[in-house]
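Following: one structure in structure tokens, then a few remarks.
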Amino acid sequence: MNPQFIMDGLIAGAIIGLGAVGVTLTYSILRFSNFAHGELLSWGAYLALAVAGALGFLSAGLTKPIAPFSFGWALPISAVIAIGLTGLLALAVDALLFSSFRRRGSAIIIMVMASFGASLALRSLLEFLFTSKPAYFTKALQIAMKLGGGLRATPDQLLMLGVALVAVVTVHLLMTRTDIGRAMRAVSENPALASIAGIDVRRVIRTVWFLGAALACVAGIMSGLLIQIRPYLGHDLLLPLFAAAILGGIGSVPGAMLAGLIIGLCEALAVQAVGAEWRAAVSFVILIAVLLVRPRGLFGKAS
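Under this note's numbering, the first residue of the sequence shown is numbered 1, with each subsequent residue one higher.
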């Protein structure tokens, strides 16, 4: 068996893990499964593409590739802007839709169904604005470098792995070493008691929406750079995202990333062992197995 599946799995797992962090934070604070989260990956990628295109129009020098990568300065700059825009989009969706349900104390199933509706609306709007034709940040070809042990990777792929690692470590430190992180953990444990203790629950919820959307944007840009950008980009990753969030343990940032890497490796192994057509089934099998054997996940707390 070709050991290259390890590198392919790590790259796919990094994208899944970043998206899963947003899923696990949203669920732990808001107590519902947000099926619109996948669309934030797609929106993040398309917003970065639009901003990068505008920057390239203003200055062609920004699109000149930065050796040894396949992209120019337009992409890092547009990524920062897209992160902010995607966060604002998530806050807008919450303000227009989910906040009203929270005020009325709506049942969880209503919130879940509303997230399905939001997912369809966001995806349809993407297709209307950008069409369903695949898009690319760059079409430059890169030669994979030998890393030893039969593994190869392009500079873009290695950079994306580094970005994913930095992002997860940053979020983990935010959750464990800052006041807002401690407030988020308190709200996750008991929202009512946290409010009585003087914690601004609304601020925490806004922070969670923005942070989850920012990570989804980074994951979407990574996927768009390494593969391609499509309106269904986030939708196709939704099941692996939820599988990773549950496997890692709800509320655990390192757990979500580790679980994402595990799922990515399992998917890559399945492609070599039984064929690419079974790749989508891997996440479903892992999800069912975790729910049956260890519902709280790898790092989840027993209820």
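Each residue gets a CB set at the ideal place from its N, CA and C atoms; glycine is no exception.
Just so it is clear, the structure is predicted and the values come from calculations on it, not from any experiment.
- Linking Glu277 to Leu237 through their CA atoms gives a straight-line distance of about 15 Å.
- Taking a contact to require three or more Cβ pairs closer than 8 Å, the segment 107-116 and the segment 70-90 do not qualify as touching.
- Just so you know, the alpha carbons of Val187 and Ile288 end up roughly 28 Å apart.
- Taking 7 Å as the cut-off, the Cβ atoms of Leu269 and Phe32 do not count as close.
- The segment 90-106 makes no contact with the segment 223-239; the number of CB pairs closer than 8 Å stays below 3.
- At a Cβ-Cβ threshold of 7 Å, Gly38 and His235 count as neighbours.
- Cβ contact annotation for Gly149 (same chain, cutoff 7 Å, sequence separation greater than five): Pro3, in chain order.
- For Arg152, no alpha helix (DSSP H) encloses it; the enclosing beta strand (DSSP E) starts and ends at 151-153.
- When DSSP states are grouped into helix, strand and coil, Leu147 belongs to the strand group.
- The DSSP-derived three-state label of Ile229 is strand.
- If you compare the alpha carbons of Ala216, Tyr27, Met184, Thr138 with that of Ile66, the shortest gap goes to Thr138.
- Taken atom to atom, the span from the alpha-carbon of Gly264 to that of Ala14 is near 8 Å.
- The C-alpha of Ala135 lies about 37 Å from the C-alpha of Leu291.
- Annotation for Gln272: the continuous alpha helix (DSSP H) segment containing it runs 253-273.
- Within the segment 29-98, the alpha helix (DSSP H) runs of at least 4 residues that lie entirely inside it are, in chain order, 37-58, 74-93.
- Membership of Asp179 in the alpha helix (DSSP H) is indicated by the continuous run 179-189.
- The closest CA to that of Leu233, considering only Val218, Leu247, Ile246, Ala245, is found on Val218.
- Secondary structure note for Leu141: it is in no alpha helix (DSSP H), with a DSSP letter that is neither H nor E.
- Residues of the same chain with a CB within less than 7 Å of the CB of Ala12, apart from the 5 flanking positions on each side, are Gly264, Glu267, Ala268 in chain order.
- Between Ala164 and Leu18, the C-beta gap is smaller than 7 Å, which places the two residues in contact.
- Residues Leu147, Leu151, Arg152, Ala153, Gln157 of the same chain have their beta carbon placed closer than 8 Å to that of Met7, with the five preceding and five following residues left out of the count.
- The straight-line gap separating the alpha-carbon atoms of Ala167 and Thr24 is approximately 15 Å.
- Between the segment 241-257 and the segment 50-60, the count of C-beta pairs closer than 8 Å stays below three; the two stretches do not touch.
- If you draw a straight line from the Cα of Phe299 to the Cα of Thr176, it is about 15 Å long.
- Take the alpha-carbon of Gly212 and the one of Val21: they are about 7 Å apart.
- Following the DSSP letters along the chain, one finds Glu127 inside the alpha helix (DSSP H) bounded by residues 108-130.
- Annotation for Leu287: the continuous alpha helix (DSSP H) segment containing it runs 279-293.
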